[in-house]
Every structure is written in C-alpha cells, then in structure tokens.
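For the sequence shown, our numbering assigns the number 5 to the initial residue and increments by one for each residue that follows.
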Amino acid sequence: MFSRPIDLHGASPALWSQLRLEVYGVDARQHGWSTRAELDRMVDWLRPHSGSRLLDVGCGEGGPARYLAAESGARVVGVELDLELVQTARREGALPPLGSGVEIVVADARRSLGLQSAAFDAISCVDVVPHLVPLGPVLHDWRRLLAQPESRLLVIDPVVPFGPVSDAELRLRTGGVHYELRASADFSAALQKASLQLLDEIDLTPEMLAVADAWATAVQRERQSLLVLDGEAAVQHQLDFCRLILELGCSRRLRRIAYLVARGHGRA
Ligand SMILES: C[S@@+](CC[C@H](N)C(=O)[O-])C[C@H]1O[C@@H](n2cnc3c(N)ncnc32)[C@H](O)[C@@H]1O
Numbered sequence: 005m006f007s008r009p010i011d012l013h014g015a016s017p018a019l020w021s022q023l024r025l026e027v028y029g030v031d032a033r034q035h036g037w038s039t040r041a042e043l044d045r046m047v048d049w050l051r052p053h054s055g056s057r058l059l060d061v062g063c064g065e066g067g068p069a070r071y072l073a074a075e076s077g078a079r080v081v082g083v084e085l086d087l088e089l090v091q092t093a094r095r096e097g098a099l100p101p102l103g104s105g106v107e108i109v110v111a112d113a114r115r116s117l118g119l120q121s122a123a124f125d126a127i128s129c130v131d132v133v134p135h136l137v138p139l140g141p142v143l144h145d146w147r148r149l150l151a152q153p154e155s156r157l158l159v160i161d162p163v164v165p166f167g168p169v170s171d172a173e174l175r176l177r178t179g180g181v182h183y184e185l186r187a188s189a190d191f192s193a194a195l196q197k198a199s200l201q202l203l204d205e206i207d208l209t210p211e212m213l214a215v216a217d218a219w220a221t222a223v224q225r226e227r228q229s230l231l232v233l234d235g236e237a238a239v240q241h242q243l244d245f246c247r248l249i250l251e252l253g254c255s256r257r258l259r260r261i262a263y264l265v266a267r268g269h270g271r272a
C-alpha cells in the first residue's frame, strides 16, 4: 500500500539486511529515514525506561519500536495500517514474539485508536504524519492517550515545505500517494489547538540527505543484481528518487523536521 522510500524487489532478504546496515548503521527493518544515531536520539527525546509505555504510530514492521524497547526496557505498542505488511513481517519472523514487550496492532491512526485514555508515557510518529489527514482529531486523540503533563510526543515530518515544489517533483517524491505538506507554522498551530506544547523543532534534513546519498551509492553498486528482478526502469526510478531528495533538501525546499512536544497542563 505505502511503499518504502526505497523499494528493491530484486534484493534478497540477506541483501536488504546488508544494505540497511550499511545505510542506517543498524538493520531495524526501518521504512523511513531513521539511522541508528537517530534511534538513539529518540531515546533521549522520548525518555522511555523500564516499565514505561510507548506508542509508535505508523510503526511499519515494528523494527524501530523493537529497537526502542530493547534500548530502554519500555513496553511498546505499534499501530500500523498496512495489514499485508504486518502479515509479511510476521511470516518472515521479523515481528517480536508475544511477551517481548512489543505488540503490533493493525489500525488506522486517522481514527480514534481504541486504546485506554492516559495509557502512554510517550508517543512517536516517524515519517508517517503526511498521511494523517485531517490532523486535528489525530492530535486530540494522542493528547487523550498521554498520561502526564510531561509525557512526550515526537512527530517527524519528512516533507515540510520551505520553498516551491513542482507537480512532477511531488509525484516522484510521493509515488502518487496523497501527502499533506504542512508548513511548520501550520503544524505548530495545530499542536496549540490540541493543547499540546511544542518544546523544540529540530531540522533533520542533513541526516536524511546522508541516508539518500548512501542509498544512491548502494543501489548503484548493486545495480547488476537488482536489474535482474527489478528491471532498468525501476532501478533508475530509485536513483532518480534519491537524487530528488538530495536536490529538494540541498535547495532547502523540502525539509525533514522533528517536533518534540509535551502533553502540557492545558485542558484538551
Ligand atoms: C515511511 S513508513 C515509516 C514506518 C516506520 N515509522 C519507520 O520509521 O520504519 C510509513 C508507515 O506509515 C503507515 N501508515 C500510513 N498511514 C497510516 C495510518 N492512517 N494509520 C497507521 N499507519 C499508517 C504506512 O503503512 C507505513 O508503514
């Protein structure tokens, strides 16, 4: 349904794993832009600890959730829309076993999640928020789920507009899936409306550019083996995608921004 930024059908599981390790510094079966360094920063930002409860919205194959659980001892619930993705990950043994402290729930995060109020000490939502439309009800639901005023929310938006983007660039960037491009001022206003308190806004574009560059290098190097299954057009598409990310990021038109948020004391 929603593809990875880089989708290499020609890559065997072993090659995928090797490439992710090379590109991200850790193979967490991530589908976004999170490197090992970023996952470690997430531990600082979200402050999970033994016994605390973390919700990861749009968790993909649950790899980043598993990483955070393993690093901190927190219990993590991941919510993912794509049933097929979860079933495939389960078949391939990539999902955590029952009782490991990580649970994956198939649900649409645009609707109120049928989870108990105040059930979480932190929420993460990484490289997913452009799919969450309308945003207001989603933020209200997250606020409902956070337990204390100091509970943290981390939203990383990979497509924050700071300059013009052409229709052709947008089509290549999104793969034809609808992405809501939200200026950071609009996102801040939506947080305020949901009585959530913005603590910090961190520009993660340089890290995303390093990942795009590393993917381009890896795809180019593995070109011959990928061509067999993917074909010339698909491999070229991946290289064009990486180049576009570099172009949009270097020209400072689309940036990847992390919003670090506290539930705060205000009334919902
Ligand atoms: C780019 S991937 C990021 C996955 C994961 N956060 C990571 O960093 O590896 C975006 C994920 O969001 C999921 N997603 C999109 N819309 C969603 C929704 N309405 N509810 C739950 N998940 C959604 C997609 O299926 C996809 O797995």
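C-beta: ideal position from N, C-alpha, C; glycine also.
Indicate whether residue i and residue j have their beta-carbon atoms separated by less than 7 angstroms.
| i | j | result |
| --- | --- | --- |
| serine 136 | alanine 198 | For the record, residue 136 in the displayed sequence is leucine; it is not serine. No, Cβ-Cβ distance for leucine 136 and alanine 198 is not below 7 angstroms. |
| leucine 99 | glycine 66 | yes |
| leucine 248 | leucine 176 | yes |
| alanine 262 | isoleucine 160 | yes |
| leucine 202 | leucine 250 | no |
| leucine 149 | phenylalanine 124 | yes |
| proline 165 | leucine 195 | no |
| leucine 58 | valine 80 | yes |
Classify residue i: buried if its beta carbon has 16 or more other beta carbons within 10 angstroms, exposed otherwise.
| i | result |
| --- | --- |
| alanine 78 | buried |
| methionine 5 | Residue placement at methionine 5 cannot be trusted, given a pLDDT of 41 that sits under 50; the coordinates are not used to answer. |
| alanine 189 | exposed |
| glutamine 242 | buried |
| threonine 92 | exposed |
| glutamate 84 | buried |
| leucine 117 | buried |
| glycine 270 | exposed |
| serine 255 | exposed |
| proline 17 | exposed |
| valine 232 | exposed |
| alanine 220 | buried |
| serine 38 | buried |
| alanine 187 | exposed |
Please name the residue or residues paired with residue i in a DSSP beta bridge.
| i | result |
| --- | --- |
| phenylalanine 124 | Leu150 |
| leucine 136 | Answer is none; leucine 136 lacks a bridge partner. |
| leucine 43 | The partner list for leucine 43 (beta bridge, DSSP) is empty, contrary to what the question assumes. |
| isoleucine 160 | Val130 and Ala262 |
| proline 165 | Leu258 |
| valine 61 | Val83 |
| isoleucine 249 | BP columns for isoleucine 249 are empty, so no partner. |
Let me check you understand the geometry: is the CB of residue i closer than 6 angstroms to at least one non-hydrogen atom of ligand 1?
| i | result |
| --- | --- |
| valine 181 | no |
| aspartate 131 | yes |
| serine 21 | no |
| glycine 64 | yes |
| serine 38 | yes |
| alanine 69 | no |
| leucine 176 | no |
| alanine 2 | Absent from the model: residue 2. The displayed extent of the chain is 5 to 272, so no value can be given. |
| glutamine 34 | yes |
| alanine 113 | yes |
| aspartate 86 | yes |
| methionine 135 | It should be pointed out that residue 135 corresponds to histidine in this sequence rather than to methionine. Yes, since a heavy atom of ligand 1 falls inside the 6 angstroms radius drawn around the Cβ of histidine 135. |
Relative to the C-alpha of residue i, which residue among the options is closest?
| i | options | result |
| --- | --- | --- |
| cysteine 246 | Asp234, Leu258, Arg267 and Asp217 | Asp217 |
| glutamine 180 | Ala187, Ala172 and Arg186 | The sequence shown places glycine at residue 180, not glutamine. Per the Cα distances, Ala172. |
| proline 141 | Arg114, Ser229 and Val232 | Arg114 |
| leucine 43 | Phe191, Cys129, Ala237 and Glu154 | Cys129 |
| tyrosine 28 | Gly97, Leu264, Glu236 and Ala222 | Ala222 |
Are any of the Cβ atoms in chain B nearer than 7 angstroms to that of residue i?
| i | result |
| --- | --- |
| arginine 227 | In the structure shown, chain B cannot be found, because there is only a single protein chain. |
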